[in-house]
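Residue numbers (the numbering used here): 1048 to 1319.
What follows is a set of notes on a single structure, which appears directly below.
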Ligand SMILES: [Zn+2]
C-alpha cells in the first residue's frame, strides 16, 4: 500500500511538472515604423518604431505559440519591415521543427498574428468563435480555407466562445476590443504572472497607465476599455505581472534585437 501511494505521488508529480511552464520566449521577426495615431500612444509623435513578434510557451510536453507572425513576402514590403526573419527560422534557432508545435493560441485573425499558422501541421488552433466566423468571410481566409477544413476534420480547431482554461497556468480570455473576437492570454507561473495582450495594447507601459486603443485601431473602444481595467485589476492583485504585447519596441530598447531574434522572457528555475 505504501508503495502504491508513493508511486501515485510520483506519477502525479511528474504529470504536474510536465505541464508546468518551463520557458516563455519572445520571437521577433522584424521591426518598422508605424503611425502613432494607430497605437495606444499618449505623446505627440507622428510615428513610432514597433516590433513584429509572437511568443513561444514551453512546458515539459507542449510547445505552444501565441500567434504566429507571417511568411507572406508582400507584407514585408508593404509595411516596410526591416530585420525580417521567417517565424519558421526563428523556431529553428530555438531548436524546434514545425511539427513539434502542439498548440497555437490566436489572439485575433489579422495577417501578422495568424499568417504562419498553416506551417505547423500538428498544432491545435485556439480561436474565438466569432473571430473565426468573421475571418472565414474575409478575402484573407482564401489561402487558409483548405488548412482550416482539414484541421476541423481532425478536431484541431478549438473554438473559444468566451474563455478557455488551457491548463492550470494558462487561461485565454475574451477581450473583443481590437477585433470582434480578440482574446488575450493570462499566464500564472509559480513566481510570476504575464498577460499577452494581443493587439488590445501595442505599448505595454501606456496600457498599464490606462491608455487604450484609438477609435481607428479598435473594433469596440468600450470593450478595449474593459480590457484595460481588467489589466489594472490583475496588476493591483499581483504587482509582479508583466505585460507582453506583440509590437512593443521597449522590449529590446536597451539590448537591441538579438541576431537570432530570440528574447528570453521567463525560465523556470531548475528547468532541465
Ligand atoms: Zn498586430
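No residue lacks a Cβ here, since even glycine has one placed at the ideal position from N, Cα and C.
Computed from a prediction, not measured in an experiment: that's the story for all the values here.
Assign residue i to one of two classes, buried (16 or more other C-beta atoms within 10 Å of its C-beta) or exposed (fewer than that).
i, result
"residue 1198", "buried"
"residue 1134", "buried"
"residue 1105", "buried"
"residue 1109", "buried"
"residue 1303", "exposed"
"residue 1092", "exposed"
"residue 1210", "exposed"
Contact check, residue i vs residue j under 8 Å by CB: the rounded distance?
i, j, result
"residue 1097", "residue 1122", "Rounded, the Cβ-Cβ distance is 14 Å, inconsistent with contact."
"residue 1161", "residue 1226", "So it is not a contact: roughly 11 Å between Cβ atoms."
"residue 1202", "residue 1309", "Contact doesn't hold; Cβ gap of about 32 Å is too wide."
"residue 1291", "residue 1312", "7 Å"
"residue 1222", "residue 1270", "6 Å"
Quick check on this structure: which residue in the options has the alpha carbon closest to the alpha carbon of residue i?
i, options, result
"residue 1164", "1185, 1195, 1143 and 1285", "1195"
"residue 1118", "1166, 1275, 1085 and 1311", "1166"
"residue 1245", "1091, 1152, 1287 and 1299", "1152"
"residue 1156", "1215, 1261, 1231 and 1148", "1231"
"residue 1172", "1111, 1282, 1085 and 1086", "1111"
"residue 1278", "1314, 1257, 1107 and 1078", "1257"
"residue 1259", "1074, 1065, 1189 and 1085", "1085"
"residue 1296", "1249, 1131, 1158 and 1273", "1249"
"residue 1233", "1107, 1287 and 1178", "1287"
"residue 1306", "1190, 1158, 1239 and 1136", "1136"
"residue 1281", "1298, 1267, 1263 and 1255", "1255"
"residue 1073", "1101, 1094 and 1064", "1101"
Since residue i is in the alpha helix (DSSP H), which residue starts that stretch and which ends it?
i, result
"residue 1271", "1268-1284"
"residue 1122", "1120-1125"
"residue 1070", "No alpha helix (DSSP H) holds residue 1070; the beta strand (DSSP E) holding it covers 1068-1082."
"residue 1253", "1251-1255"
"residue 1135", "1134-1141"
So residue i is in the beta strand (DSSP E); what residue range does that whole segment cover?
i, result
"residue 1242", "1240-1243"
"residue 1101", "1094-1106"
"residue 1110", "1110-1113"
"residue 1150", "1150-1152"
Whole beta strand (DSSP E) elements within the stretch 1188-1237, 3-residue minimum: Unbroken beta strand (DSSP E) stretches of 3 residues or longer found wholly inside the stretch 1188-1237: 1204-1207, 1217-1221 and 1230-1235, given in chain order.
Completely contained alpha helix (DSSP H) runs for the stretch 1154-1193, where each covers 4 or more residues: Qualifying alpha helix (DSSP H) stretches, in chain order: 1158-1161 and 1176-1183.
Every unbroken alpha helix (DSSP H) within the stretch 1285-1312, with a cutoff of 4 residues, ordered by chain: Within the stretch 1285-1312, no complete alpha helix (DSSP H) segment of 4 residues or longer occurs.
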